[in-house]
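*Asks:*
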Amino acid sequence: MKKCGLRISAIAIVFVLWLGVIVLGHRDRYAFIPPSATTEEASADGEMLFWDSSVTKWTCTESTELFWDDVNKRLGIGTATPQATVDVNGFTMLGSDAPKIKMKKLTGTTGGTEGDQTNITHGLDRSKIIGCQVLVTAANNNRILPAFIEVDEYEYSVFIDATNVRIDLHATNSNSIRSGAITVLLTYEE
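If you're matching positions, the sequence shown starts at 0 in numbering that gives the first Met the number 0 and goes up one per residue.
#1: Quick check for students: name the residue ranges of the beta strand (DSSP E) that lie wholly in the segment 137-184, counting only runs of 3 or more.
#2: Shortest alpha-carbon distance to ASP138 belongs to which of GLN132, PHE66, LYS101, ASP151?
#3: If you draw a straight line from the C-alpha of LYS103 to the C-alpha of THR186, how long is it?
#4: For THR106, report the span of its beta strand (DSSP E) as first-last.
#5: Do you know offhand how far LYS127's Cα is from GLU64's?
#6: Buried or exposed: which applies to THR109, given that a residue is buried once 16 or more other Cβ atoms fall within 10 Å of its Cβ?
#7: Let's see if you can read the secondary structure: which residues bound the beta strand (DSSP E) around GLY114?
#8: ILE148 and LEU134: beta carbons closer than 8 Å?
#9: Apply the 10 Å Cβ neighbour rule to PHE66 and answer buried if 16 or more other Cβ atoms are within range, or exposed otherwise.
#10: Is it buried or exposed, GLU189, if we count other Cβ atoms within 10 angstroms and call 16 or more buried?
#11: Identify every residue that forms a DSSP beta bridge with GLU188.
#12: Counting Cβ pairs, one atom from each stretch, are 3 or more of them under 8 Å apart for the segment 84-99 and the segment 109-120?
#13: Can you find the residues in the same chain that come closer than 8 Å, C-beta to C-beta, to ALA83, ignoring five residues on each side of it along the sequence?
#14: Starting from ARG73, trace the beta strand (DSSP E) in both directions and tell me its first and last residue.
#15: Grouping DSSP H, G and I as helix and E and B as strand, with all else coil, what is ARG28?
#16: Mind checking who GLY130 pairs with in its DSSP beta bridge?
#17: Does ILE166 pass the burial test, meaning 16 or more other C-beta atoms within 10 Å, or should it be called exposed?
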């Protein structure tokens with residue numbers, strides 16, 4: 000099968016409906032393609048058609064490039080098995096001057112004694128990590144941010160080394176977050 004590339008300069012996105020395929024426009028180009036139409040390209044369920052002005056024909060996506068799951072109403076970019084409404088498998092860039100980023104969720108449990116350290120392996124190049132959010136669930140089920148000292152017994156700090164995100168319970172002010180669930184969200188760049 001020929002690799003189907005996308006030309007951002009002139010494309011028309013196609014969505015399959017029970018009546019056929021409706022093309023949502025590129026400039027003044029709109030079309031209706033019935034289910035019996037052919038495109039010179041092999042296609043499979045979930046693949047999408049695009050108008051490629053560089054070769055002036057309809058061309059299909061590979062199912063691993065751009066995939067529509069009509070049963071679950073999900074769009075996969077870089078995956079043929081989207082797990083969310085929009086599932087992007089790869090780095091995401093939100094704006095022309097933004098970094099290409101991914102996110103990674105880690106979980107763990109704080110130690111059972113005040114002053115304990117908990118290491119959670121991150122598996123990343125630490126120089127690429129540009130954001131870290133940490134929440135520890137307290138005994139009352141509240142989610143506590145690092146360095147929270149407004150109420151006694153909730154204090155902890157966070158440190159990122161070459162291999163771990165380290166959560167340090169305060170030696171005398173962390174009783175309410177002992178053995179608490181840890182959730183870490185890392186943002187990292189390409």
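Just so it is clear, CB atoms sit at the ideal spot from N, CA and C, and this is done for glycine as well.
Small disclaimer: the values here were computed from a predicted structure and weren't measured.
*Replies:* With the given structure in hand:
#1: 155-159, 163-168
#2: As a position in the sequence shown, residue 138 is number 139, starting the count at 1. Reading the sequence as shown, one finds Ala at residue 138 and not Asp. When each option's Cα is compared against that of ALA138, the closest is ASP151.
#3: Looking up residue 103 in the sequence shown gives position 104. Looking up residue 186 in the sequence shown gives position 187. Going from the Cα of LYS103 to the Cα of THR186 covers about 7 Å.
#4: Reading the sequence shown from its first residue, position 107 is the one you call residue 106. Note, THR106: beta strand (DSSP E), 100-108.
#5: Taking the sequence shown and counting its residues from 1, the one referred to as residue 127 is at position 128. Taking the sequence shown and counting its residues from 1, the one referred to as residue 64 is at position 65. Each residue's Cα considered, the two are about 25 Å apart.
#6: Residue mapping note: residue 109 aligns to position 110 of the sequence shown, counting from 1. With 16 or more Cβ atoms within 10 Å of its Cβ, THR109 is classed as buried.
#7: Along the sequence shown, one-based indexing puts residue 114 at 115. Run containing GLY114: none; DSSP gives neither H nor E here.
#8: Counting from 1 along the sequence shown, the entry for residue 148 is found at position 149. Counting from 1 along the sequence shown, the entry for residue 134 is found at position 135. No, the Cβ-Cβ distance between ILE148 and LEU134 is not below 8 Å.
#9: Start at 1 with the first residue of the sequence shown, and residue 66 comes out as number 67. Classification of PHE66: buried, given that the 10 Å Cβ count is 16 or more.
#10: Along the sequence shown, read from residue 1 onward, the residue named residue 189 stands at position 190. Label assigned to GLU189: exposed.
#11: As a working note, residue 188 is residue 189 in the sequence shown. DSSP output for GLU188 lists ILE100 as bridge partner(s).
#12: no
#13: To locate residue 83, count along the sequence shown from 1; it is residue 84. Here the set comprises ARG73.
#14: Along the sequence shown, read from residue 1 onward, the residue named residue 73 stands at position 74. Per DSSP, ARG73 belongs to the beta strand (DSSP E) from 73-76.
#15: Residue mapping note: residue 28 aligns to position 29 of the sequence shown, counting from 1. Note that ARG28 scores a pLDDT of 48, beneath 50, so its modelled location is shaky; the value from the coordinates is reported in the next line. ARG28 falls in the strand class under three-state DSSP.
#16: Working through the sequence shown from its first residue, we reach residue 130 at position 131. DSSP lists THR186 as partners of GLY130.
#17: Locating residue 166 in the sequence shown gives position 167, counting from the first residue. With 16 or more Cβ atoms within 10 Å of its Cβ, ILE166 is classed as buried.
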